[in-house]
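Note that UniProt numbering has the sequence shown beginning at 1, numbered continuously upward. In this text, a Cβ means the ideal position worked out from N, Cα and C, and glycines have one as well. These numbers come from a predicted model, not from an experiment. Below is one structure, written out as structure tokens; the observations come after it.
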Amino acid sequence: MAKSFQFTFKNLKFPVRLPAESVGIDERVLASFAPFNNWVREIEQSVASTSGYKLRGVDIQSVDYFGSRIGFLKFRADLVHPNGHALPGVTVLRGGSVAMLVVIRDTDSPAANNGTPKEYIVLTDQPRVPLGRASYLEIPAGMIDEQPGADQASIFVGAAARELQEEVGISITRPDELVDLTHTVAHAPDGVHLSPGLLDEAIKIYLHTTALPASKIAELQGQLRSRVEESGENEVITLRIVPLEQALLSGLTDAKSILALSLYTQYKTAP
């Protein structure tokens, strides 16, 4: 028989219903999952500020764990519009993520390019199972490990630095080596949402620029990098170095990568 418990946040109280099979969720575990806390806070503010909306409950459908912590939480929220009809409520919570646009300036190219260094970007080529593809191009990216009450700015910067090291092999030692394009250009300090009809995920896009001779840039091309995720799954990545002006001709269909290129263009031309 399915179990349930009451979840309370400020003036918002609603039942959380669990599936018949155990998913390892109780009120304590749910309260420790930062993305759920963030979602409840947003719902509470929406219900409090908008007359007539009502959250009648949450039905947990599945949970995926990364080690001992929740990685993905899927549920259906029974949220009712003032007109009395339920809104589409299928939701997947995973929390925030970061993406990095790595721009490499060729130190051997200025004389041959009217004094302007030729720019390249770093793309990762990896399997993307949800798309059914064994090869998919995108800029480096990764999830963040949110903790309730933690400094979110530091968490995002730390995650970006870690992904740069693990996926590209570039180490940064100072926060000012990263430019938050989503904040600086898009004026979205909390990141941008890529799939708000299903996911809570907000992504922040950072820019890192570096300068290398042509020989070092060539060494990065085709590098194979792999790691074992906390979930136990293996991530295999091949680096692709693409001239900046050809990036949109390289087969990119990834939204965050296309957005990053647009933001970088605006960043370079800003007064």
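Taken through DSSP and simplified to helix, strand or coil, residue 32 comes out as coil. In this chain, residue 223 is not harboured by any beta strand (DSSP E), its DSSP state being neither H nor E.
About 7 angstroms separates the Cβ atoms of residue 168 and residue 239, confirming a contact at the 8 angstroms cut-off. Beta-carbon to beta-carbon, residue 269 and residue 105 are separated by about 17 angstroms, too far to satisfy the 8 angstroms threshold.
9 angstroms or more divides the Cβ of residue 58 from the Cβ of residue 9. According to the DSSP secondary-structure assignment, residue 120 is paired through a beta bridge with 104 and 243.
Counting the other Cβ atoms within 10 Å of the Cβ of residue 182 gives 16 or more, which makes it buried. Residues 16 and 27 of the same chain have their beta carbon placed closer than 6 angstroms to that of residue 5, with the five preceding and five following residues left out of the count. In the structure shown, the three-state DSSP call for residue 128 is strand.
DSSP places residue 87 outside any alpha helix (DSSP H), giving it a letter other than H or E. Non-local C-beta neighbours of residue 18 in its own chain, meaning closer than 7 angstroms and more than five positions away in sequence, comprise 2, 3, 4, 25 and 60, ordered along the chain.
Each of 215, 246, 194 and 225 was checked against the Cα of residue 256, and the nearest Cα belongs to 194.
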